[in-house]
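**Q** The following block contains the structure, expressed as structure tokens.
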Amino acid sequence: MRHIWSVLCRYAIEDRDSNNFSLIETLSQVSFKGDIPPERPIGLPISFHIVSQWRRGNDQDRCDYPVQMRVIAPGDVELDSDELTAKLSAYDTCTTVFSSGSFRYTENGLYEFEISYRLGERWIAVTRIPLNVIHDPAEPEEQESEPTE
Numbered sequence: 003m004r005h006i007w008s009v010l011c012r013y014a015i016e017d018r019d020s021n022n023f024s025l026i027e028t029l030s031q032v033s034f035k036g037d038i039p040p041e042r043p044i045g046l047p048i049s050f051h052i053v054s055q056w057r058r059g060n061d062q063d064r065c066d067y068p069v070q071m072r073v074i075a076p077g078d079v080e081l082d083s084d085e086l087t088a089k090l091s092a093y094d095t096c097t098t099v100f101s102s103g104s105f106r107y108t109e110n111g112l113y114e115f116e117i118s119y120r121l122g123e124r125w126i127a128v129t130r131i132p133l134n135v136i137h138d139p140a141e142p143e144e145q146e147s148e149p150t151e
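In case it helps, this note's numbering puts the sequence shown at residues 3 to 151.
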């Protein structure tokens, strides 16, 4: 099995007739403002999709493969993972789509989405998609000073 490409985006729309995808708002950085609780990780209401294209390695390679997505936080800490199946037993190419309605935040920095497939007993990483996440804390409101006498 060969990995062709993977894209991190806000929206992925599939045309069922052609099996093509429209990838909208590709993501390389996410910024958000406001106060957040000190407990980590926290779930942010940021939806995303990771769309990957796969191709059969050769004609003998007619089988389905488990595919994994891992979210790696700064400091190389795994926050989340999910698995799908790349169905290459019937077709030469296959598209997998990982979807999530939230993002787990721990700290500012570079997060990576690692895409792998399983061959036998081991996972083979094929790409890491970077996403820079920046939290800008809310500035405290200025208090009106009381007149002095």
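Just so you know, even glycine gets a beta-carbon here, dropped at the ideal spot from N, CA and C.
Helix, strand or coil for residue 41? Go by DSSP, reduced to three states.
**A** Within the sequence shown, residue 41 is the residue found at index 39, counting from 1. Here residue 41 sits in coil by DSSP.
**Q** Can you tell me whether residue 29 is buried or exposed, with buried defined as 16 or more other CB within 10 angstroms of its CB?
**A** Here residue 29 refers to the residue found at position 27 when the sequence shown is read from its first residue. By the neighbour-count rule (16 or more Cβ atoms within 10 Å), residue 29 is buried.
**Q** What is the residue span of the beta strand (DSSP E) that residue 118 lies within?
**A** Reading the sequence shown from its first residue, position 116 is the one you call residue 118. Counting along the chain, the beta strand (DSSP E) containing residue 118 begins and ends at 111-121.
**Q** Any chance the segment 14-29 sits against the segment 71-89, with 3 or more Cβ pairs inside 8 Å?
**A** With a cut-off of 8 Å, the segment 71-89 and the segment 14-29 do not count as touching, because too few Cβ pairs lie within range.
**Q** Please classify residue 54: is it buried, with 16 or more other beta-carbons within 10 angstroms of its beta-carbon, or exposed?
**A** As a working mapping, residue 54 is identified with position 52 in the sequence shown. Buried, because 16 or more other Cβ atoms sit within 10 Å of the Cβ of residue 54.
**Q** From residue 107 to residue 116, what does the alpha carbon distance come to, in whole angstroms?
**A** Position 105 of the sequence shown, counting from 1, holds the residue named residue 107. Position 114 of the sequence shown, counting from 1, holds the residue named residue 116. Each residue's Cα considered, the two are about 16 Å apart.
**Q** Mind checking residue 127: buried by the 16 CB within 10 Å criterion, or exposed?
**A** Taking the sequence shown and counting its residues from 1, the one referred to as residue 127 is at position 125. Burial call: exposed.
**Q** Any idea which residues DSSP pairs residue 65 with across the strands?
**A** The sequence position of residue 65 within the sequence shown is 63, counting from 1. For residue 65, which the question treats as bridged, DSSP gives no partner whatsoever.
**Q** Whole angstroms is fine: what's the gap from residue 136's alpha carbon to residue 62's?
**A** Taking the sequence shown and counting its residues from 1, one reaches residue 136 at position 134. Taking the sequence shown and counting its residues from 1, one reaches residue 62 at position 60. Looking at the two C-alpha atoms, the distance is approximately 46 Å.
**Q** If we call anything under 8 Å between Cβ atoms a contact, is residue 76 one with residue 111?
**A** On the sequence shown, position 74 is the one that residue 76 refers to. On the sequence shown, position 109 is the one that residue 111 refers to. Cβ distance < 8 Å, so residue 76 and residue 111 count as in contact.
**Q** What does DSSP give as the partner residue(s) for residue 132 in the beta ladder?
**A** For the purposes of this step, residue 132 is identified with residue 130 of the sequence shown, where counting begins at 1. According to DSSP, residue 132 bridges with 114.
**Q** What's the gap between the Cα of residue 58 and the Cα of residue 31?
**A** The count along the sequence shown starts at 1 and reaches residue 58 at position 56. The count along the sequence shown starts at 1 and reaches residue 31 at position 29. Rounded to whole angstroms, residue 58 to residue 31 spans 32 Å at the Cα level.
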